[in-house]
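One line per chain: the protein sequences are R and D, in this order.
Reminder that position 40 of the first sequence reads as 40 in the numbering used here, one-by-one numbering, no gaps.
Reminder that position 304 of the second sequence reads as 649 in the numbering used here, one-by-one numbering, no gaps.
We treat Cβ as the ideally placed atom computed from N, Cα and C, and that holds for glycine.
Remember, predicted model here, so these are calculated numbers, not experimental data.
Comments concern the structure below.
There are 2 protein chains.
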Amino acid sequence: MSQSASQKLGKASVRLEKEVYIYSSASVVGKKEGEGPLGLLFDVVGEDDLFGCDTWEEAESSLQKNAVNLALEKAGLKPEDITFAFAGDLLGQSIATSFGIASFGIPLLGVYGACSTCGESLALGAMSVAGGYADRVVCVTSSHFASAEKEFRFPLEYGNQRPLSATWTVTGSGAFVLSGENTDKKARARISGVTVGKIVDYGLKDSMNMGACMAPAAASTLEQHFIDYESQPKDYDKIITGDLGVVGQTVLIDLLREKGYDISAVHMDCGIEIFDAGAQDTHAGGSGCGCSAVTLSAYILKQLQEGNWKKVLFLPTGALLSKTSFNEGQSVPGIAHALVLEKID
Amino acid sequence: MSQSASQKLGKASVRLEKEVYIYSSASVVGKKEGEGPLGLLFDVVGEDDLFGCDTWEEAESSLQKNAVNLALEKAGLKPEDITFAFAGDLLGQSIATSFGIASFGIPLLGVYGACSTCGESLALGAMSVAGGYADRVVCVTSSHFASAEKEFRFPLEYGNQRPLSATWTVTGSGAFVLSGENTDKKARARISGVTVGKIVDYGLKDSMNMGACMAPAAASTLEQHFIDYESQPKDYDKIITGDLGVVGQTVLIDLLREKGYDISAVHMDCGIEIFDAGAQDTHAGGSGCGCSAVTLSAYILKQLQEGNWKKVLFLPTGALLSKTSFNEGQSVPGIAHALVLEKID
């Protein structure tokens, strides 16, 4: 272990002793996201959610392609400068990814963790860079409201009703170039550690209340992180979940209180930040792989870069269901992976 | 880089300088696979393909659970001895994995690479162990004939016809415990290197001829591997693809010949080995994440352990399609990841 630049920490964490930088990033979102509270911060806002394509799935693929293109452009890099891509999305067999980033010709490691995929891709990407396996990697994830409704619930044409506990899948993609070098001092933040989550299943079956389904997984990963790092909520300027929404936030804060951790003063949820729930009729908040990814790129990294925050815990949350598992009466288990993101000194 | 125990090699490869052992493994298959040429080598052969479950998806989940249980048992390990699980399957949102291995409580990194998933999970697992991020990991993948037909084509009840170029999805799961230590000298083989594949799309759209769709990706990864490693086909006792079948095998050998590599003397395909195509009516061969995984566990590792082979290149191959992408007229791109597996001296 002493030879290695990184080390296993506690039960489920890794401390990256070698510097891993989020060297550049990009966010591409749909019209509705552009009209939300973070609207002015996104790099690209589409005029309509088809983005010039014929199908919702192609539109989602184009989001990933645009996000990767832009992240590379900002970094002054070409696809051939990137060793590996870590990428995924919510669609069956990750087709948004397959048809989105194939043309770059970057060796691809496909990942799936539902809406926690952004966290998983950054975790594996950071480990690859710190381990000396890759000079630079790109991590990209996406979701699209219309392709997700079709995949998990009903085609939009059905006009189905949504309960207040439901979240609204974010149309967007966030891409991140990770590098071991901070050339030109352009990097936005650094990744100093990772806590990998396990599947947590409280037996909830309500796919229209995914916040509640995912909150136990977020609580589990956070508790494990605090134990592995011997840290406390107050050690972070923010603890940021991916897409719990207002229902899941309450559950998470309550669950962690029972375990002796009070995160209420520092908790933030990307799903709550990205929409104005009242004005935009999004109910419990935003969700999807894209939700945490675009919020990280546009908002969280900006705070770290400007020095408003020094250290945050970023924790995308995923609900592990499919239309088939739902129709067969299965529960909706959750998973969440945490990253320690730090301001560059 | 000099501090690291491993190194990036060429464009898409990693040489693992620190030892990574396949410490134990297990294979669980269905009735048809048990009746095939490798039948006597599998650890568990089910009496029927529901494995006592109510649905095909639950049955596939039970395959993963049984395979992991058995691999742990053979290693004399408990779930809490495992740092991370790398797991995936072919179903939408990887539900065979979510409901298969949740109960172990092992921190999970979900992977998706269609039928190349076994290779991807072993590649990332090996990098995690070599990097000092994990003491031990478990890598598990599965496929199931009936759940795959339902997911990608038609429910079995339709009794649809299959062209001769079609492959038969293997019902099976293979699990592998990777470790940095070879305690008791029980390990079956070691992983010394990895070549990560990129998506290759020749524009083929015939989902009933996946061998031809995947062969260009296999050729691309093999060519890249030979370049990165400065090696030749003759340097390996076998070069083993996942599930190209007889059609894909011909395409692969032809494509590589055009690039100046003749693998015909050492090529083997798990999909060709696992069934007796004539007697078992499986047409071009076996396929699915489970195909390469169970063949690796039951047959390939046995050859390495017994010293019949010293070094092989193991290259699971994946076809990146979904029912939606197929119905929307998209092509079927392929991907393949290669692992260098060596006999333990």
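is_contact[residue i, chain R] using C-beta, thresh 9 Å
| i | result |
| --- | --- |
| D:Tyr457 | yes |
| D:Ser438 | First, the residue type needs correcting, since residue 438 of chain D is Gln and not Ser in the sequence shown. Yes, its Cβ sits closer than 9 Å to a Cβ of chain R. |
| D:Asp588 | no |
| D:Leu684 | no |
| D:Gly556 | no |
| D:Gly477 | yes |
| D:Ser670 | yes |
| D:Gly635 | no |
| D:Ile391 | The sequence as given places Gly at residue 391 of chain D; Ile does not occur at that position. No - not a single Cβ of chain R is within 9 Å of the one on D:Gly391. |
| D:Glu687 | no |
| D:Leu408 | no |
Residue i - containing beta strand (DSSP E), residue span
| i | result |
| --- | --- |
| R:Phe84 | Phe84 to Asp89 |
| D:Gln352 | Ser351 to Leu354 |
| D:Ser537 | Ala534 to Thr540 |
| R:Ser297 | R:Ser297 -> no beta strand (DSSP E), and no H or E assigned at all. |
| R:Phe314 | Lys311 to Leu315 |
| R:His267 | His267 to Asp269 |
| D:Thr693 | Residue numbering for chain D in the displayed model covers 346 to 690; residue 693 of chain D lies beyond these limits and cannot be assessed. |
| D:Ser358 | Ser358 to Leu361 |
| R:Leu77 | From DSSP, R:Leu77 is part of no beta strand (DSSP E); its letter is neither H nor E. |
| R:Val177 | Gly172 to Ser179 |
| D:Glu465 | No beta strand (DSSP E) contains D:Glu465, which is instead part of the alpha helix (DSSP H) from Thr462 to Ala475. |
Cβ pair residue i, residue j closer than 9 Å
| i | j | result |
| --- | --- | --- |
| D:Ser369 | D:Leu417 | yes |
| D:Asp394 | D:Lys376 | yes |
| D:Val657 | D:Met472 | no |
| R:Gly197 | D:Pro452 | yes |
| R:Ser287 | R:Met210 | yes |
| D:Trp401 | D:Ala511 | no |
| D:Ala560 | D:Leu600 | yes |
| R:Ser393 | R:Val28 | Chain R is shown from 1 up to 345; residue 393 of chain R falls before or after that span and cannot be answered. |
| R:Thr117 | R:His144 | no |
| R:Ala380 | D:Lys353 | The structure shown does not extend to residue 380 of chain R, since chain R is modelled only from 1 through 345, so no value can be given for it. |
| R:Val20 | R:Arg190 | yes |
| D:Thr586 | D:Pro661 | yes |
| R:Gly271 | R:Leu244 | yes |
| R:Ser179 | R:Val200 | no |
| D:Ala520 | D:Cys484 | yes |
| R:Val266 | R:Lys310 | no |
| D:Ser351 | D:Asp434 | no |
| D:Leu415 | D:Lys647 | no |
| D:Phe431 | D:Gly470 | yes |
C-beta neighbour in chain D for residue i, strict 9 Å
| i | result |
| --- | --- |
| R:Glu19 | no |
| R:Gln330 | yes |
| R:Glu57 | yes |
| R:Ile109 | Rather than Ile, the amino acid found at residue 109 of chain R in this sequence is Leu. R:Leu109 counts as touching chain D. |
| R:Leu313 | no |
| R:Gln3 | Low local confidence applies: a pLDDT of 43 at R:Gln3 is under 50, so the model's placement there is unreliable, with the coordinate-based value given in what follows. Interface residue, yes. |
| R:Gly52 | no |
| R:Pro333 | yes |
| R:Ile106 | yes |
| R:Ser322 | yes |
Anticipated Cβ contact below 8 Å, residue i with residue j, distance rounded
| i | j | result |
| --- | --- | --- |
| D:Ala459 | R:Gln93 | 7 Å |
| D:Thr442 | D:Gly455 | 6 Å |
| R:Ala218 | R:Ala336 | 5 Å |
| D:Gln569 | D:Lys423 | Going by Cβ atoms, the distance from D:Gln569 to D:Lys423 rounds to 39 Å, so no, they are not a contact pair. |
| D:Pro382 | D:Glu687 | So it is not a contact: roughly 25 Å between Cβ atoms. |
| R:Ala338 | R:Leu252 | Going by Cβ atoms, the distance from R:Ala338 to R:Leu252 rounds to 13 Å, so no, they are not a contact pair. |
Extent of the continuous alpha helix (DSSP H) run through residue i
| i | result |
| --- | --- |
| D:Lys376 | Lys376 to Gly379 |
| D:Arg602 | Gly590 to Glu603 |
| D:Val485 | Unbroken run through D:Val485 is the beta strand (DSSP E), Arg481 to Ser488; no alpha helix (DSSP H). |
| R:Phe326 | Lys323 to Asn327 |
| D:Leu760 | Any answer about residue 760 of chain D is impossible in this case: the structure gives chain D only from 346 up to 690. |
CB contact below 9 Å: residue i versus chain A
| i | result |
| --- | --- |
| R:Phe275 | No chain A is present in this structure, whose protein chains are R and D. |
Check your understanding: Just by C-beta distance, which residues in the stretch 195-206 of chain R are closer than 9 Å to chain D?
Key -> So the close ones are Thr195, Val196, Gly197, Lys198, Ile199, Val200 and Asp201.
Practice item. Residues of the stretch 180-195 of chain R with a CB closer than 7 Å to any CB of chain D: list them in chain order, please. Key: Within the stretch 180-195 of chain R, no residue has a Cβ that lies closer than 7 Å to any Cβ of chain D.
**Study point:** Members of the stretch 72-101 of chain R that neighbour chain D once the beta carbon cut-off is set at 9 Å
**Key:** For the stretch 72-101 of chain R, residues whose beta-carbon sits nearer than 9 Å to a beta-carbon of chain D comprise Glu80, Thr83, Phe84, Ala85, Gly88, Leu90, Leu91, Gly92, Gln93, Ser94, Ile95, Thr97, Ser98, Phe99 and Ile101.
Exercise for review: For the stretch 350-384 of chain D, enumerate the residues whose C-beta is nearer than 7 Å to any C-beta of chain R, in chain order.
Suggested key: Answer in chain order: Ala350, Ser351, Gln352, Lys353, Ala357 and Val359.
Exercise for review: Note down, in chain order, all residues in the stretch 265-283 of chain R with a beta-carbon under 8 Å from any beta-carbon belonging to chain D.
Suggested key: With the criterion set as a beta carbon lying under 8 Å from some beta carbon of chain D, the stretch 265-283 of chain R has no members that meet it.
Check your understanding: Taking a cut of 9 Å between CB atoms, which residues from the stretch 462-474 of chain D lie near chain R?
Key -> So the list reads Thr462, Glu465, Ala468, Leu469, Met472 and Ser473, given in the order they occur along the chain.
**Study point:** Near-chain R residues of the stretch 478-495 of chain D - C-beta to any C-beta below 7 Å
**Key:** Listed in sequence order: Tyr478, Ala479 and Asp480.
**Study point:** Residues of the stretch 564-583 of chain D whose Cβ lies closer than 7 Å to any Cβ of chain R, in chain order
**Key:** The stretch 564-583 of chain D vs chain R, Cβ under 7 Å: nothing.
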